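Before any comments, here is the structure.
Protein chains: 2
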Amino acid sequence: MKRNSRLSLALHTLGHMAGQPDRVQTSAEIADHAGTNAVVVRRVLGRLREAGLLVSEKGHAGGWQLARPPSGITLADVYLALDERLVAPAESTDASCCSVENALHNRVANIMADVEENLVDELSKTTILDVHHPAKAVPVQTAPFERKEPR
Amino acid sequence: MKRNSRLSLALHTLGHMAGQPDRVQTSAEIADHAGTNAVVVRRVLGRLREAGLLVSEKGHAGGWQLARPPSGITLADVYLALDERLVAPAESTDASCCSVENALHNRVANIMADVEENLVDELSKTTILDVHHPAKAVPVQTAPFERKEPR
DNA sequence: AAATATGCAACCAATTTGGTTACACAAGCG
DNA sequence: CGCTTGTGTAACCAAATTGGTTGCATATTT
Chain G
5 MKRNSRLSLA
15 LHTLGHMAGQ
25 PDRVQTSAEI
35 ADHAGTNAVV
45 VRRVLGRLRE
55 AGLLVSEKGH
65 AGGWQLARPP
75 SGITLADVYL
85 ALDERLVAPA
95 ESTDASCCSV
105 ENALHNRVAN
115 IMADVEENLV
125 DELSKTTILD
135 VHHPAKAVPV
145 QTAPFERKEP
155 R
Chain P
5 MKRNSRLSLA
15 LHTLGHMAGQ
25 PDRVQTSAEI
35 ADHAGTNAVV
45 VRRVLGRLRE
55 AGLLVSEKGH
65 AGGWQLARPP
75 SGITLADVYL
85 ALDERLVAPA
95 ESTDASCCSV
105 ENALHNRVAN
115 IMADVEENLV
125 DELSKTTILD
135 VHHPAKAVPV
145 QTAPFERKEP
155 R
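Sequence lines, in order, name chains G and P. Numbers 5 to 155, taken from our numbering, label the letters of the first sequence in order. Numbers 5 to 155, taken from our numbering, label the letters of the second sequence in order.
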């Protein structure tokens, strides 16, 4: 595994669950499917539960289940639940000596925040039902944008 | 510093250079501006040079300079030059036992690749001249997209 | 009570990362 | 020619991140 394995694991699991929303799955089952460890699964899925995407039950017949119909869970929900900002760094706001540098720093931070926001918007267009759906391709339609000249 | 410090450093430096395209800057100067180390600067900027965004000269009056007019360098160029895929993991294509799981895995990978591609498209709309430009706000105009119902 | 499953803390090994030092090489200048 | 300046690169270090693992408490069903 490498970068984004948590997001990958989350999408994989939710996509699987979207196919059988009523079935309760144990972390051990999920770990088998995903080729990882049960504790790791509970770690990642725990954050999704905190975000209200999943519910978990303890005890003998316990396990994990979707908290909502799969058509109501978008990739943005999953991404935000994991709380991993891919492009935008955490705020530092440390005032540098030179105001010019400070302004540039803020501008870079703003740009990255905007890109992050756009990423979330894009993710919100796809649900985990789309992830599960076997036949159809990904509905991420690229918005028409002016093509820049390569040179 | 934390995640994306390389991208942040690159954008910061290029944004600075966009203001004075003819000036040659040493890595020590850049490191001072960015609050980091000269070797780190050369590490990051070296990848930008490999991508043809910067040129560097050794020796007495050496240093770093833009290889192209700043209006021709987009954030996508910078992002791709650094070779850090934010959302898409590297290809593994290891065939799992269960074909259903394998298909799901591929679908998740495809989705993440699509998101990555869309991210690059979004980044290509902004040039480092926009990063430098002091007054204007970030021109990342969000494409009109159908608002999904929150529930 | 026994079995099952989550919740959670603690720890480990591998990887990543920024920082630092050291040194070779190149280019201009006295 | 020798000195200075600056890039290029390797080596190493410390900190942070991360997935994996073990152990144990707790809850729930049988």
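Heads up, the beta-carbon is just placed ideally off N, CA and C, and yes, glycines get one too. None of the values given here were measured: they were computed from a predicted structure.
Go through its chain and collect everything with a Cβ distance to residue i's Cβ below 8 angstroms, but skip five positions before and after it.
i	result
Leu49/P	Ala14, Thr17, Ser31, Ile34, Leu58, Ser60, Trp68
Gly23/P	His136
Leu11/G	Val82, Tyr83, Leu86, Glu88
Glu54/P	Ala85
Gly19/G	Ile132, Val135, His136
Glu120/G	Arg89, Leu90, Val91, Ala92
Shortest alpha-carbon distance to residue i belongs to which of the options?
i	options	result
Leu127/P	Leu123/G, Ile132/G, Asp134/G	Leu123/G
His37/P	Leu90/P, Asp26/P, Met21/P	Met21/P
His64/G	Leu90/G, Leu52/G, Val112/G, Gln29/G	Gln29/G
Thr40/P	Gly19/P, Ser9/P, Glu54/P, Arg51/P	Ser9/P
Asp134/P	Leu108/G, Ile132/G, Asp134/G, Arg51/G	Leu108/G
Lys62/G	Val112/G, Glu121/G, Arg46/G, Glu105/G	Arg46/G
Gly214/G	Pro73/G, Arg27/G, Asn106/G	Residue 214/G cannot be examined here, being either before or after the span of chain G that is shown, 5 to 155.
Gly66/P	Asn106/P, Ala113/P, Arg27/P	Arg27/P
Looking only at its chain, what residues have a beta carbon closer than 6 angstroms to the beta carbon of residue i, apart from the 5 residues adjacent to it on each side?
i	result
Asn110/P	none
Val44/P	none
Leu70/G	Met21, Pro25
Arg7/G	none
Ala42/G	Ser31, Ala32, Ala35
Glu153/P	With a pLDDT of only 42 at Glu153/P, under 50, the local geometry of the prediction cannot be trusted, and the value read off the model is given with reservation. Closer than 6 angstroms at Cβ, skipping near neighbours: no residue.
Give me, in chain order, the residues of the same chain whose beta-carbon lies closer than 7 angstroms to that of residue i; leave out the 5 immediate sequence neighbours on both sides.
i	result
Val75/P	The identity of residue 75/P in the sequence shown is Ser, whereas the question assumes Val. So the list reads Thr131, Leu133, once near-sequence residues are dropped.
Glu163/P	The question about residue 163/P has no answer, for chain P in this structure spans 5 to 155.
Asp125/P	none
- Item | Interface positions of the stretch 118-135 of chain G facing chain P (Cβ-Cβ less than 7 angstroms), listed along the chain | For the stretch 118-135 of chain G, the set of positions with a beta-carbon nearer than 7 angstroms to some beta-carbon of chain P reads Asp118, Val119, Asn122, Leu123, Asp125, Glu126, Leu127, Ser128, Lys129, Thr130, Val135 in chain order.
- Where the stretch 12-36 of chain P meets chain G: residues whose CB sits under 8 angstroms from a CB there: Those residues of the stretch 12-36 of chain P placed with their C-beta closer than 8 angstroms to a C-beta in chain G are Ser12, Leu15, His16, Gly19, His20, ordered along the chain.
- Taking a cut of 8 angstroms between CB atoms, which residues from the stretch 76-92 of chain P lie near chain G? Those residues of the stretch 76-92 of chain P placed with their C-beta closer than 8 angstroms to a C-beta in chain G are Gly76, Thr78, Leu79, Arg89, Leu90, Val91, Ala92, ordered along the chain.
- Task: Compile a chain-ordered list of the residues in the stretch 50-69 of chain P whose CB is closer than 7 angstroms to at least one CB of chain G.
- Result: Residues: none.
- Query: In chain order, what residues of the stretch 102-114 of chain P put their CB closer than 7 angstroms to some CB of chain G?
  - Reply: For the stretch 102-114 of chain P, the beta-carbon criterion of a distance under 7 angstroms to any beta-carbon of chain G is satisfied by Glu105, Ala107, Leu108, His109, Arg111, Val112, Asn114.
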